[in-house]
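Below: one structure, written as structure tokens.
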Amino acid sequence: MKAFPAIAFENTTREANGRRSYSVSKLHHLLLSGERKAILTIIVAGIAAIIPIIVWGIPSGGDLPNHFRFVQPFYESILNSHLYPG
């Protein structure tokens, strides 16, 4: 049975078997660096924007039937394998 390497609080350390173990700050840097942080931010913002619709549903406003009437040709075109109504 293999033991997991311990996480040290310095940059990197060598274990007895020659494997490296990373510090908490190094793991944080690897997981939340550059593009990953940007993508994670976009995903979290998207989920936060959708949660009210999931919980309370689509708000019914005075122009909701107009929006449905506008979307209907696009929906039918996509069902008929056309990408844009024409």
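The opening position of the sequence shown corresponds to residue 102 in our numbering, with each subsequent residue numbered one higher.
C-beta atoms are modelled at their ideal positions from N, C-alpha and C, and glycine is treated no differently.
Going straight from the alpha carbon of residue i to that of residue j, what length do you get?
| i | j | result |
| --- | --- | --- |
| Pro186 | Asn167 | 17 Å |
| Ile148 | Ile154 | 10 Å |
| Tyr181 | Gly163 | For the record, residue 181 in the displayed sequence is Asn; it is not Tyr. So the two alpha carbons sit approximately 30 Å from each other. |
| Val145 | Arg137 | 12 Å |
| Leu141 | Gly158 | 25 Å |
| Phe105 | Phe169 | Because the pLDDT at Phe105 is just 49, under 50, the model does not fix this residue reliably, and the point stays unresolved. |
| Tyr176 | Leu165 | 16 Å |
| Ala139 | Phe171 | 34 Å |
| Val156 | Ala150 | 11 Å |
Quick one: give me the first and last residue of the alpha helix (DSSP H) that residue i is part of.
| i | result |
| --- | --- |
| Leu184 | Unbroken run through Leu184: none, as it is neither H nor E. |
| Pro244 | Nothing about residue 244 can be read from this structure; the chain reaches only from 102 to 187. |
Which same chain residues, not among the five before or five after residue i, have their C-beta less than 8 Å away from its C-beta?
| i | result |
| --- | --- |
| Leu184 | Ser178 |
| Pro160 | none |
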